[in-house]
Amino acid sequence: QVQLVESGGGLVQPGGSLRLSCAASGFIVSTFPVSWYRQAPEKERELVAGIFANGETRNDGDSVKGRFTISRDNAKNTVYLQMNSLKPEDTAVYYCNAVIGRRYWGQGTQVTVSS
Numbered sequence: 004q005v006q007l008v009e010s011g012g013g014l015v016q017p018g019g020s021l022r023l024s025c026a027a028s029g030f031i032v033s034t035f036p037v038s039w040y041r042q043a044p045e046k047e048r049e050l051v052a053g054i055f056a057n058g059e060t061r062n063d064g065d066s067v068k069g070r071f072t073i074s075r076d077n078a079k080n081t082v083y084l085q086m087n088s089l090k091p092e093d094t095a096v097y098y099c100n101a102v103i104g105r106r107y108w109g110q111g112t113q114v115t116v117s118s
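Heads up: the sequence shown at position 43 corresponds to 46 in my numbering, and the numbers run straight through without jumps.
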């Protein structure tokens, strides 16, 4: 059974950093694409970053390039999203997603950037 469990969200001041974790079970993260999405209030869910089975990564959106980095730890079967220089507009629920025949989603973790 595929499960994705996000953690690491919270309240942070502008300019601060957070590292989100996506702990996977039921599959091996190094064999399927895993991505991070986010959804702000009253906005559509948007792709933030993804990592492919071969380790290649992609960051979507000029708003996060240079600030967010996706990575994974194969030994822990976990994918991370390092977020630096956070801005209030990064406030959203962040979701982990895996494509294994179909899309699987985690429950999300709230990130709030505010002074």
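For glycine and all other residues, C-beta sits at the position ideal for the given N, C-alpha and C.
query = The beta strand (DSSP E) spanning GLU45 covers which residue range?
reply = Premise fails: GLU45 is in no beta strand (DSSP E) and is neither H nor E.
inquiry  = Please classify PHE71 as buried or exposed, where buried requires at least 16 neighbouring CB atoms within 10 angstroms.
reply    = buried
message = If distances are taken between C-alpha atoms only, which option among ALA56, TYR40, ARG106, THR115 comes closest to GLU92?
response = THR115
task = Please say whether PHE35 and ALA101 have beta carbons closer to each other than 8 Å?
result = yes
message = Closest to GLY11 by C-alpha separation, out of SER118, TYR97, SER117, would be which residue?
response = TYR97
message = Tell me which residues share the same chain as ILE31 and place their Cβ nearer than 6 Å to its Cβ, disregarding the 5 neighbours each side in the sequence.
response = none
ask   = Is the beta carbon of ALA26 sitting closer than 8 Å to the one on THR60?
value = no
key: Nearest-angstrom Cα separation, counted from ALA43 out to GLY64   = 15 Å
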